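If you're matching them up, the sequences are chains F and S in order.
Residue numbers for the first sequence follow our numbering, beginning at 1 and rising by one.
Residue numbers for the second sequence follow our numbering, beginning at 249 and rising by one.
Okay, so here's the structure we're looking at.
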Amino acid sequence: MTALPQTTAKKLGLVIDLDTCVGCQACATSCKEWNTQGYSAPLTDEDTRGADPHGPWLNRIHGYEVEDTTGKDSRVVHFPRSCLHCETPACVTVCPTGASYKRAEDGIVLINPDTCIGCKLCSWACPYGAREYDVQEGVMKKCTLCVDRIYNENFEPEDRQPACVKACPTGARHFGDLGDENSAVSQLVKERGGFDLLPEMGYKPTNKYLPPRAKRDTPQAGIEALPKGDGSAMDRLFKLADRLLSGN
Amino acid sequence: MNPAYSVIFFTTASGAGYGLLALLGLTAPTLGQSASPVFVLVSMIIALGLITAGLLSSTLHLGHPERAWRALSQWKTSWLSREGVAAILTYPFALAFGLTWSGLYPAPDAIAPLGAITAIMSFITVFTTGKIYASLKTIRAWHQPLTVPVYLFFALSSGAALFLALSAIFMRDAGSVSTVAPVTILALALLKFLYWRAIDQATRDRTMGNATGLGPNVRQWEVPHTTKNFVQREMGFVVARRHAKRLRALFFFLLLCAGLLELLAVRMPLVAVLAFGITFLAAWVERWLFFAEGEHVVTLFYGNPQT
């Protein structure tokens, strides 16, 4: 079970656009909402009304500052982090029970909640922090790529996508087959120079990240100065109204 | 890495147990049936008791201890599974060895081969324990060639110290173990010195820039959640790392005391009991540090600039 498939027919995964992500957390909250009732056991939280609420989320949105030495291109980058559905995931091979597995048909990495013993070794083996422990359920949790949505025939075809992708208001998340070089996601990766996280560690992540685009120069000169008053009766009337409404 | 007490107890207790078991297995032929049955039975019960208590405690940190048997299934890929299999397989050989050596089941010819197999199985089990940690590429301080030898020598030196203590209590000559014990302490000190030198000198070339793909001038601006999540609690432990220098010094001091007491035990056998206590304490200090100094690569996403 924990032996990895030699190849997978598809490589389903996400492409995340760091240029357009606004860090609104919509993907994270819709993920939590869907997955607390979906494929695996509920995503339970601890100390929900206390001082230290915590619990498993399958998607975490970091914020980073990137400083440009020229000072022109410094920016804040919102950075969603979830399971990358690696081609050679160590989290699967270290699993002693076979609860962790990578599907040969589409490459999705999953945990069987009925056989996981909650030893947490998979979370040690993952460099991306994609696996979190659920104290109440006693099992590990991770992104399922919404395996219970993407093949769900009760949904309209356009809804057969991961919850995070459907929720993203800026279109920063794309879902598709990264094994097919003609797919829309593969084309996007090629066009935008999509990259892997920690490629030197050799886990071959399926999910790709699109780098922030270079900033375009703001055309300062193009902004027109506000029109000055011409002293007409109408102009004086507006000035009076402005003063009265401003309260001085 | 967060040092879970159940795992520290498991690795130190079962380490001492397997070390003792291996030494009993190897020395049995020279001691032969002349060994008193009481000494044999008490030593075997202590060795297997430490191993069993350790194994049980290691299931305490599981979310589903009742499913622990499933961990025996994935020995083809998982070192944790291999450890479970090796631990279980050691029992029948150890029990058969104990029964024949104590004379409860008289088969003098079987003592030496059963003892040898028991020693080999003990070695394999501790080896697999070390491999669980050494195989994790995500933790540079563990993914080291010296990790497994340190585990093996810890098992051997704490087992040898226990062997000396038991021999003293039963007023028996510890034979060659009197020499083996201080030598393993010395070897352990040397291995650990080299291990610490290796991890201190290792190139910390994994950066927040590689992890995020955002280049060298990236720094954390906002964490994704208001309180610490599982990843930070489990992987982001730093308390003991701050005291690493002092704890390393304490470790060497404890080993020095244990080694000297073991030498003294040749004249005054009962100090061997104290030597074992100190060796076991040193094992706790070392294992605690081993976890605390294990810096996980995921910390790069949480503000650690490099690992």
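All C-beta atoms in this analysis are idealised placements derived from N, C-alpha and C, irrespective of residue type, glycine included.
The model shown is predicted, which means the values in this text are computed figures rather than measured ones.
Beta-ladder partner(s) of residue i, from DSSP
i, result
"M140 of chain F", "F:Y133"
"G263 of chain S", "None; G263 of chain S has no bridge partner."
"D177 of chain F", "F:L12"
"H54 of chain F", "F:E46"
"T455 of chain S", "S:Q554"
"D17 of chain F", "F:L210"
"I61 of chain F", "F:P80"
"H544 of chain S", "S:I387"
Other residues of its chain near residue i: CB distance less than 7 Å, five sequence neighbours each side excluded
i, result
"E65 of chain F", "V76"
"V466 of chain S", "M456, G457 and T460"
"G171 of chain F", "T20"
"L298 of chain S", "A261, S262, A264 and G265"
"A382 of chain S", "W390, H391, Q392, T395 and V396"
"Y353 of chain S", "L347"
"L518 of chain S", "A416"
"P169 of chain F", "C24 and A26"
"V94 of chain F", "L121, C122 and A125"
"L498 of chain S", "V533"
Cβ-based neighbour list, residue i, same chain, cut-off 6 Å, excluding 5 preceding and 5 following
i, result
"A360 of chain S", "P277"
"D17 of chain F", "A172 and L210"
"R213 of chain F", "D19"
"A523 of chain S", "A409, A506, L509 and E510"
"G407 of chain S", "A264, G267, L268 and L271"
"L289 of chain S", "S350"
"P313 of chain S", "T307"
Nearest-angstrom beta carbon gap, residue j and residue i [assumed within contact, 8 Å]
i, j, result
"Y133 of chain F", "F375 of chain S", "Contact flag wrong, Cβ pair sits at about 28 Å."
"C119 of chain F", "C91 of chain F", "About 12 Å; that fails the 8 Å criterion."
"V521 of chain S", "A416 of chain S", "6 Å"
"A163 of chain F", "R149 of chain F", "7 Å"
"V546 of chain S", "P199 of chain F", "With 8 Å as the limit, V546 of chain S and P199 of chain F do not qualify as a contact, their Cβ atoms being about 16 Å apart."
"L271 of chain S", "V471 of chain S", "Not quite, the Cβ-Cβ distance comes to about 50 Å (not below 8 Å), so this is no contact."
"C86 of chain F", "P205 of chain F", "5 Å"
"G63 of chain F", "W469 of chain S", "4 Å"
"V139 of chain F", "G311 of chain S", "6 Å"
"G13 of chain F", "N152 of chain F", "The Cβ separation is near 18 Å, so there is no contact."
Selection from the options that minimises the alpha carbon distance to residue i
i, options, result
"K102 of chain F", "F:T144, F:D180, F:R243 and F:N152", "F:T144"
"H78 of chain F", "F:K72, F:A99 and F:A28", "F:A28"
"P89 of chain F", "F:D68, F:T70, F:G71 and F:I111", "F:I111"
"W327 of chain S", "S:A497, S:H309, S:L436 and S:L384", "S:L384"
"E534 of chain S", "S:T386, S:K324, S:H491 and S:G551", "S:H491"
"D47 of chain F", "F:T97, F:C24, F:Q136 and F:C86", "F:Q136"
"A364 of chain S", "S:T338, S:W444, S:L439 and S:T377", "S:T338"
"A601 of chain S", "S:V519, S:G507 and S:E543", "Any question about residue 601 of chain S goes unanswered here, given that chain S covers just 249 to 555."
"F371 of chain S", "S:I387, S:Y399 and S:A355", "S:Y399"
"L304 of chain S", "S:L274, S:S254, S:L279 and S:L268", "S:S254"
"R481 of chain S", "S:E543, S:G525 and S:I433", "S:E543"
"T50 of chain F", "S:M249, S:T325 and S:T474", "Going by the sequence as given, residue 50 of chain F is Gly instead of Thr. Taking only the C-alpha atoms, the option nearest G50 of chain F is S:T474."
"L434 of chain S", "S:F401, S:A367, S:G423 and S:A413", "S:F401"
"F501 of chain S", "S:A540, S:A437 and S:P464", "S:A437"
"R81 of chain F", "S:L548, S:T555 and S:Q554", "S:L548"
"S306 of chain S", "F:I117, F:F238 and F:T8", "F:I117"
"F441 of chain S", "S:A342, S:L412 and S:L495", "S:L495"
Close-in-space but distant-in-sequence residues of the same chain around residue i (CB under 8 Å, 5 per side omitted)
i, result
"L43 of chain F", "K32, N35, T36, G55, P56, W57, L58, D134 and K141"
"S284 of chain S", "F418 and R420"
"Q25 of chain F", "I61"
"A184 of chain F", "H174 and G176"
"K72 of chain F", "K215"
"S30 of chain F", "A163, C164, K166 and A167"
> Counting only runs that start and end within the stretch 458–517 of chain S, where is the alpha helix (DSSP H) found for 4 or more residues in a row?
Replying inline: 478–483, 487–490 and 492–512
> Hey, which unbroken runs of the alpha helix (DSSP H) at 4 residues or more fall wholly within the stretch 64–119 of chain F?
Replying inline: With a minimum length of 4 residues, the continuous alpha helix (DSSP H) runs that stay inside the stretch 64–119 of chain F are 90–93.
>> Quick check for students: name the residue ranges of the alpha helix (DSSP H) that lie wholly in the stretch 368–426 of chain S, counting only runs of 4 or more.
In response: Segments of the alpha helix (DSSP H) lying fully in the stretch 368–426 of chain S: 395–417.
>> Runs of 3 residues minimum, wholly inside the stretch 142–207 of chain F: which ones carry the beta strand (DSSP E) assignment?
In response: Those beta strand (DSSP E) runs which fall completely within the stretch 142–207 of chain F and span 3+ residues are 173–177.
>> Quick check on the DSSP output: what are the complete alpha helix (DSSP H) runs of length 4 or more inside the stretch 307–372 of chain S, in order along the chain?
In response: 327–350
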